[in-house]
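First the structure, in the form of structure tokens, and then the observations on it.
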Amino acid sequence: MAAPLLETRGLRVKYGNVEALHGIDLAVHAGEIVTLLGANGAGKSTTLRAISGLLRPSGGEIYFDGRPADGTPAHERVRLGIAQAPEGRRIFGTLTVQENLDLGAFTRTDRDGIAASQAWIHRLFPVLEARRAQLAGTLSGGEQQMLAIGRALMAKPRVLLLDEPSLGLAPLLVKSIFRTLRTINEEAGVTVVLVEQNARAALKLAHRAYVMEVGRIVLEGPAAELASDPKVQAAYLGGKARG
Amino acid sequence: MEQFFQQLTNGLAVGSIYALIALGYTMVYGVLRLINFAHGDLFSLGAYLGLTLLTSFALQGRLGLALGLLVLAVMVMGLIAVVGVVLERAAYRPLRDSPRLSAVVSALGASIFLQNALMLVYGARYQVYPDILPQASIRLLGLDVPVMRIVVVLVAVVMMAGLYVFVQKTRTGTAMRAAAIDQDAASLMGIDVNRVVRLVFVIGPALGGGAGLLVGLYYGQVGFTMGWSYGMKAFTAAILGGIGNIPGAMVGGLLLGLVEAFGAAYLSLAWKDAFAFGVLILILIVRPSGLLGERVAEKI
Numbered sequence: 257m258a259a260p261l262l263e264t265r266g267l268r269v270k271y272g273n274v275e276a277l278h279g280i281d282l283a284v285h286a287g288e289i290v291t292l293l294g295a296n297g298a299g300k301s302t303t304l305r306a307i308s309g310l311l312r313p314s315g316g317e318i319y320f321d322g323r324p325a326d327g328t329p330a331h332e333r334v335r336l337g338i339a340q341a342p343e344g345r346r347i348f349g350t351l352t353v354q355e356n357l358d359l360g361a362f363t364r365t366d367r368d369g370i371a372a373s374q375a376w377i378h379r380l381f382p383v384l385e386a387r388r389a390q391l392a393g394t395l396s397g398g399e400q401q402m403l404a405i406g407r408a409l410m411a412k413p414r415v416l417l418l419d420e421p422s423l424g425l426a427p428l429l430v431k432s433i434f435r436t437l438r439t440i441n442e443e444a445g446v447t448v449v450l451v452e453q454n455a456r457a458a459l460k461l462a463h464r465a466y467v468m469e470v471g472r473i474v475l476e477g478p479a480a481e482l483a484s485d486p487k488v489q490a491a492y493l494g495g496k497a498r499g
Numbered sequence: 021m022e023q024f025f026q027q028l029t030n031g032l033a034v035g036s037i038y039a040l041i042a043l044g045y046t047m048v049y050g051v052l053r054l055i056n057f058a059h060g061d062l063f064s065l066g067a068y069l070g071l072t073l074l075t076s077f078a079l080q081g082r083l084g085l086a087l088g089l090l091v092l093a094v095m096v097m098g099l100i101a102v103v104g105v106v107l108e109r110a111a112y113r114p115l116r117d118s119p120r121l122s123a124v125v126s127a128l129g130a131s132i133f134l135q136n137a138l139m140l141v142y143g144a145r146y147q148v149y150p151d152i153l154p155q156a157s158i159r160l161l162g163l164d165v166p167v168m169r170i171v172v173v174l175v176a177v178v179m180m181a182g183l184y185v186f187v188q189k190t191r192t193g194t195a196m197r198a199a200a201i202d203q204d205a206a207s208l209m210g211i212d213v214n215r216v217v218r219l220v221f222v223i224g225p226a227l228g229g230g231a232g233l234l235v236g237l238y239y240g241q242v243g244f245t246m247g248w249s250y251g252m253k254a255f256t257a258a259i260l261g262g263i264g265n266i267p268g269a270m271v272g273g274l275l276l277g278l279v280e281a282f283g284a285a286y287l288s289l290a291w292k293d294a295f296a297f298g299v300l301i302l303i304l305i306v307r308p309s310g311l312l313g314e315r316v317a318e319k320i
């Protein structure tokens with residue numbers, strides 16, 4: 257098997273004196289959809305924030321495309337090809353939808369390529385085209401999530417990190433967003449790392465999964481396999497009866 | 021009626037100066053949520069540097085009045101921008117992750133440092149600018165308006181319009197607005213937030229230093245404590261308009277200048293400062309987010 261596109265080895269992160277990640281080993285290969293499952297406080301978001309460079313690890317390494325990325329500041333990692341749609345969407349509410357998308361392409365200078373990305377994103381999320389001149393803060397929750405994903409895609413990333421895209425959204429909307437994520441992965445070959453509370457939807461979408469508990473990885477494997485694992489079912493899928 | 025229009029133009033001139041200084045407060049606050057209390061002293065430093073350059077190079081003699089003043093303005097603004105960047109690096113960057121109060125204390129310290137440095141170098145007495153400007157007035161709508169008053173307003177308006185276009189229309193300006201809204205999200209877009217901060221500490225102090233030069237030329241004298249009085253007024257203007265909001269600082273500055281001018285003319289000259297700070301108290305009670313500001317309340 258080829259070397260992973262994104263890899264963490266023994267990744268540790270501390271908040272003050274409290275260690276939140278106790279050595280995380282992740283390997284994400286090009287073209288995969290990998291999901292990180294776990295309860296609140298398991299360290300899923302912390303892992304993504306460390307990969308994006310928003311948090312400085314206290315130990316371990318992060319490799320992207322075979323090269324160490326630890327010394328690269330957050331804004332430079334976008335240039336390497338790591339984009340993130342963060343938890344809580346974090347769109348720029350007082351800027352327009354269009355300005356938000358433009359900022360997503362901040363690292364790029366290829367006008368034609370940017371226009372192509374935008375056309376593609378408008379095809380994935382037509383509402384973003386319809387509301388381009390509107391202030392982003394006036395969008396509905398679902399539309400804001402679409403904007404957050406579209407904005408991250410504007411960077412033309414090789415790996416897209418998604419932190420809880422389903423949070424606070426109606427089930428139908430979640431379905432539609434997850435369908436779009438599959439399209440993004442299949443059409444553009446974008447590698448996806450998905451942090452989710454909605455384990456059922458995430459396992460359906462992902463190829464492989466990691467399960468985290470209080471700062472450690474406790475399980476990993478193909479998504480289908482984990483979905484039928486009794487322990488996972490009990491803890492994250494609400495038992496077999498409802499599965 | 022004559023007095024009304026005189027005070028109107030006077031208020032606009034003073035207000036433009038407040039607005040220029042207020043932009044520095046508001047931009048820094050917008051990105052760092054920090055009140056740069058040393059900003060007023062960068063303004064006085066600009067006034068003093070203008071004086072030094074004016075007397076030692078006599079540019080207006082060599083290059084002609086207009087070109088000489090332009091070169092002088094560029095030199096003053098450039099030098100103050102350098103001081104601004106050094107100030108950020110030395111007094112604020114090391115405290116970026118500390119509690120906000122530490123940075124505020126550091127800002128007060130930097131202010132006292134700059135003020136005392138000015139006093140040591142230039143002395144505690146008021147210094148007088150050389151009289152190089154024409155004292156002419158022009159007739160405007162039936163009254164005599166000093167040319168310099170118009171120049172002050174025009175220069176300020178041009179600088180503010182330039183800043184507005186830069187912030188609203190350019191890629192870097194948009195990055196600046198993004199960093200002001202959410203620094204982490206801006207980093208995730210590939211924006212170097214430290215670069216944005218540096219830029220803010222170039223533009224704000226440059227405008228403040230330019231305002232200092234204008235005050236020196238317009239009023240003819242400068243003192244080492246004037247950074248405090250102008251700084252507090254400009255800070256009031258920034259709050260009046262909604263701190264963090266660039267058009268707000270412009271509107272707030274002009275408005276405060278007018279309030280002061282009319283209050284002094286029609287009510288009492290001695291209470292001029294009271295009117296200005298009365299406005300501050302009023303706005304804090306009635307509309308704490310300022311006239312154009314909305315973000316502040318939700319952000320803190």
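Protein chains in written order, with our numbering: chain A, 257 to 499; chain B, 21 to 320.
Every residue gets a Cβ at the ideal spot worked out from N, C-alpha and C, and that includes glycine.
Can you give me the Cβ contacts of Leu403 (chain A) inside the same chain, cut-off strictly under 7 angstroms, excluding the 5 residues immediately before and after it?
These residues qualify, in order along the chain: Ile347, Val353, Asn356, Leu384, Ala392, Leu395.
Going by DSSP, what residues sit across from Tyr271 (chain A) in a beta bridge?
A:Val274
Using a Cβ-Cβ cut-off of 8 angstroms, state whether Leu90 (chain B) counts as contacting chain A.
no
Note the first and the last residue of the continuous alpha helix (DSSP H) segment covering Gln401 (chain A).
397 to 409
Could you give the C-beta distance for Thr46 (chain B) and Ile263 (chain B), rounded to a whole number, given that I count them as a contact under 8 angstroms?
5 angstroms
7 angstroms Cβ shell around Tyr142 (chain B) - same chain, five flanking residues per side excluded
Tyr68, Phe244
Separation of Pro329 (chain A) from Gly77 (chain B), as counted between CA atoms:
Looking at the sequence provided, one finds Phe at residue 77 (chain B) rather than Gly. Each residue's Cα considered, the two are about 45 angstroms apart.
Straight-line CA distance for Val94 (chain B) to Met21 (chain B)?
38 angstroms
Chain B partners of Glu355 (chain A), CB-CB under 9 angstroms?
Thr194, Arg197, Ala198
Are Arg335 (chain A) and Gly210 (chain B) touching if we call contact CB-CB under 8 angstroms?
yes
Just to confirm the assignment: which complete alpha helix (DSSP H) runs, minimum length 4, are found wholly within the region 440 to 491 of chain A?
Complete alpha helix (DSSP H) runs here, min 4: 455 to 461, 479 to 483.
Does the count of Cβ pairs from the region 261 to 277 of chain A and the region 309 to 319 of chain A closer than 8 angstroms reach three?
yes
Taking the alpha carbon of Ala283 (chain A) as the point to measure from, which residue in A:Ala480, A:Gly494, A:Glu476, A:Pro486 has its own alpha carbon closest?
Taking only the C-alpha atoms, the option nearest Ala283 (chain A) is A:Glu476.
Test item: CB-CB of Ala294 (chain B) and Ile41 (chain B) under 8 angstroms:
no
If the cut is a Cβ gap below 8 angstroms, which residues of chain A does Ile201 (chain B) touch?
Phe348, Gly349, Thr350, Leu351
Please classify Ala408 (chain A) as buried or exposed, where buried requires at least 16 other C-beta atoms within 10 Å of its C-beta.
buried
Are Ile307 (chain A) and Leu450 (chain A) closer than 8 angstroms when you measure CB to CB?
no
Considering only the alpha carbon of each residue, which of B:Trp248, B:Gly81, B:Ser288 lies closest to Ile152 (chain B)?
B:Gly81
Supposed close pair Leu304 (chain A), Leu417 (chain A) - CB separation, criterion 8 angstroms:
Right, the Cβ-Cβ distance comes to about 5 angstroms (below 8 angstroms), so this counts as a contact.
Of the residues B:Gln26, B:Gly44, B:Val51, B:Phe25, which one's Cα is nearest the Cα of Ala199 (chain B)?
B:Val51
Phe255 (chain B) - containing beta strand (DSSP E), residue span
Here Phe255 (chain B) belongs to no beta strand (DSSP E); instead the alpha helix (DSSP H) covers 246 to 261.
Helix, strand or coil for Tyr68 (chain B)? Go by DSSP, reduced to three states.
helix
Thinking Leu482 (chain A) and Ala465 (chain A) are a contact (beta carbons under 8 angstroms), I'd like their distance in whole angstroms, please.
Separation of the CB atoms of Leu482 (chain A) and Ala465 (chain A) is rounded to 5 angstroms, and the pair is thereby assigned contact status at 8 angstroms.
Looking at the ligand SAH, does it come within less than 7 angstroms of Ser396 (chain A), judged from the CB to the closest heavy atom?
Because no ligand of any kind appears in the structure shown, any question about the ligand SAH cannot be addressed here.
Quick check on the DSSP output: the alpha helix (DSSP H) that includes Ile347 (chain A) runs from which residue to which?
Ile347 (chain A) -> no alpha helix (DSSP H), and no H or E assigned at all.
Quick one: which chain A residues come within Cβ less than 7 angstroms of Asp212 (chain B)?
Within 7 angstroms Cβ-Cβ: His331.
Endpoints, the beta strand (DSSP E) within which Gly129 (chain B) is located
Premise fails: Gly129 (chain B) lies in the alpha helix (DSSP H), 120 to 142, not in any beta strand (DSSP E).
Please name the residue, chosen from B:Leu233, B:Gly104, B:Pro150, B:Ala144, that lies closest to Ser131 (chain B) on a Cα-to-Cα basis.
B:Gly104
From Asn324 (chain A) to Gly236 (chain B), what distance separates their C-alpha atoms?
Note that residue 324 (chain A) is Pro in the sequence shown, not Asn. If you take the alpha carbons of Pro324 (chain A) and Gly236 (chain B), they lie about 55 angstroms apart.
Chain A contact residues for Ala205 (chain B), given Cβ-Cβ distances below 8 angstroms
Under the 8 angstroms cutoff, chain A gives Pro342, Arg346, Ile347, Phe348.
8 angstroms Cβ cutoff, Leu351 (chain B) in contact with chain A:
Chain B is shown only over 21 to 320; residue 351 (chain B) falls outside these bounds and no answer can be derived.
Would a C-beta distance cut-off of 8 angstroms place Gly268 (chain B) and Gly313 (chain B) closer than the cut-off?
yes
Thr439 (chain A) to Gly445 (chain A), Cα distance in whole Å?
9 angstroms
Anything in the region 307 to 335 of chain A with a Cβ closer than 9 angstroms to a Cβ of chain B? List those residues in chain order, please.
Close to chain B, meaning a Cβ-Cβ distance shorter than 9 angstroms, are the following residues of the region 307 to 335 of chain A: Ser308, Gly309, Leu310, Pro329, Ala330, His331, Glu332, Arg333, Val334, Arg335.
Could you check which residue in B:Met246, B:Arg215, B:Gly35 has the C-alpha nearest to that of Asn136 (chain B)?
B:Met246
Near-chain B residues of the region 361 to 377 of chain A - C-beta to any C-beta below 9 angstroms
Ala361, Phe362, Thr363, Arg364
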